[in-house]
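*Asks:* Residue numbers (our numbering): 155 to 232.
Ideal Cβ placement from N, Cα and C applies to all residues, glycine included.
Before we start, here is the structure in question, set down as structure tokens.
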């Protein structure tokens, strides 16, 4: 799991990107999706709190709200 204090994430896709064949393009697409999940998988914008909770089973609301509230309290800096 990535530390919530993390500010920069770099994922080097050079060695895992495919070629221009259909299989290579599929591989590239999968790796880009994986990189997006690695970088932003635990990131939910607080303004989407209600939409997120509607989609989650009730037993996950507490942990989701904890993370959303944590993100909402972070000080945004440039």
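Between residue 203 and the rest of its own chain, which residues show a CB-CB distance below 7 Å, the 5 nearest in sequence each way excluded?
*Replies:* Locating residue 203 in the chain shown gives position 49, where the first residue counts as 1. So the list reads 222, once near-sequence residues are dropped.
*Asks:* Could you check how far apart the C-beta atoms of residue 194 and residue 181 are, in whole angstroms? I think they sit under 8 Å.
*Replies:* Taking the chain shown and counting its residues from 1, the one referred to as residue 194 is at position 40. Taking the chain shown and counting its residues from 1, the one referred to as residue 181 is at position 27. Actually they are not in contact, since the Cβ atoms of residue 194 and residue 181 sit about 21 Å apart, beyond 8 Å.
*Asks:* Can you tell me whether DSSP reads residue 173 as helix, strand or coil?
*Replies:* The sequence position of residue 173 within the chain shown is 19, counting from 1. It is coil, neither helix nor strand.
*Asks:* Which residue marks the beginning of the alpha helix (DSSP H) containing residue 206, and which one marks its end?
*Replies:* In the chain shown, residue 206 corresponds to position 52, counting from 1. Its alpha helix (DSSP H) spans residues 203-209.
*Asks:* If I measure Cβ to Cβ from residue 165 and keep anything under 7 Å in the same chain, skipping five residues before and after, which residues do I get?
*Replies:* As a first step, residue 165 must be located in the chain shown, where it is residue number 11. Excluding residues within five positions, the ones whose Cβ falls inside 7 Å are 189, 192 and 193.
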